[in-house]
Amino acid sequence: MAEALWTDVAATYDRSFATLCAGTTGTLLDRVPPGSRVLDVGCGSGHVAASLVAAGHVVHAVDPDPQMVALATSRSAADVRPGGLPDLPYDDASFDAVVANFVLNHVDDPRAAARGIAPVTRPGGHVVASIWPASPPPQATLWGALLDEAGAARPAMPRLAPELDFERSPEGLGALLAEAGLNLVEVGTTEWDWRVRPDDFWAGVTTVGNFGVAWAAQSADVQERMRAAFTEAAMPWRDGHHLVFPVRAAVAHATA
181 MAEALWTDVA ATYDRSFATL CAGTTGTLLD RVPPGSRVLD VGCGSGHVAA
231 SLVAAGHVVH AVDPDPQMVA LATSRSAADV RPGGLPDLPY DDASFDAVVA
281 NFVLNHVDDP RAAARGIAPV TRPGGHVVAS IWPASPPPQA TLWGALLDEA
331 GAARPAMPRL APELDFERSP EGLGALLAEA GLNLVEVGTT EWDWRVRPDD
381 FWAGVTTVGN FGVAWAAQSA DVQERMRAAF TEAAMPWRDG HHLVFPVRAA
431 VAHATA
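Sequential numbering of the sequence shown, starting at 181, is according to the numbering used here.
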């Protein structure tokens, strides 16, 4: 369901939302001890894995989508394999640290996914995860305004069943990791500015995730009206040749 939204969008994701999700990299790296053997689960197109390699870690990475695996492999010396939570292709206690950057909020069963992280982490090893909080980020606000202005239909979006979902907050993420048997160290938020070229932003919102679902549901006339309105609607976020969105993510750090 939710995971299917990330199939066959790798190239567009890489030029758009991958640069957004990479904004947590510094926060993640700060919680990984030097010289660690690290697993990046749900690595996407490999931006975080590449930064981990550059920081001197021995990095393995997995992603369910073959196109993402190919991009991540081309980006760094990380050992990238097909795979995903909860059934990771590694032995127990294989890693000093596991990072899950915007993964637990995009899987079909977050609790099962969190339980899949603990076994591959060595005793005392570190787990660092991030998610988007429940409040809509500014890029979603802009997209919603475009939909409204164009009189767009609002299609039903893929949603987790209530019994599978969890609270989208630092505390909710921490509780998810604790429920999986991990020892919570800290929860909090991290903030940064996402700088993205308007054409890259537009490519992302018309292709990737729930944004792409909404776009595909519109008639050609509505799509044309949305595209025509985009430049003016994006002006509050424009800084020179880029759009700049202040964004925030929830982060939790735990040990095995």
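Backbone N, C-alpha and C define an ideal beta-carbon position, used for all residues, glycine too.
- Residue environment for residue 306: buried (at least 16 other C-beta atoms within 10 angstroms of its C-beta).
- Taking a 10 Å sphere around the C-beta of residue 285, we find 16 or more other C-beta atoms and assign the residue as buried.
- By the Cβ neighbour-count rule, residue 421 is exposed, with fewer than 16 other Cβ atoms within 10 Å of its own.
- Here residue 233 is actually not in contact with residue 277; their C-beta atoms are around 13 Å apart, not less than 8 Å.
- Straight through space, the alpha carbons of residue 333 and residue 397 are spaced by roughly 7 Å.
- When the beta-carbon positions are compared, residue 372 and residue 224 stay at least 7 Å from each other.
- Residue pairing by DSSP places residue 410 opposite no residue, since no beta bridge is assigned to it.
- For residue 321, the three-state secondary structure derived from DSSP is helix.
- Each residue's CA atom was taken as its position, placing residue 237 and residue 346 some 31 Å apart.
- Per DSSP, the unbroken beta strand (DSSP E) holding residue 221 starts and ends at 217-221.
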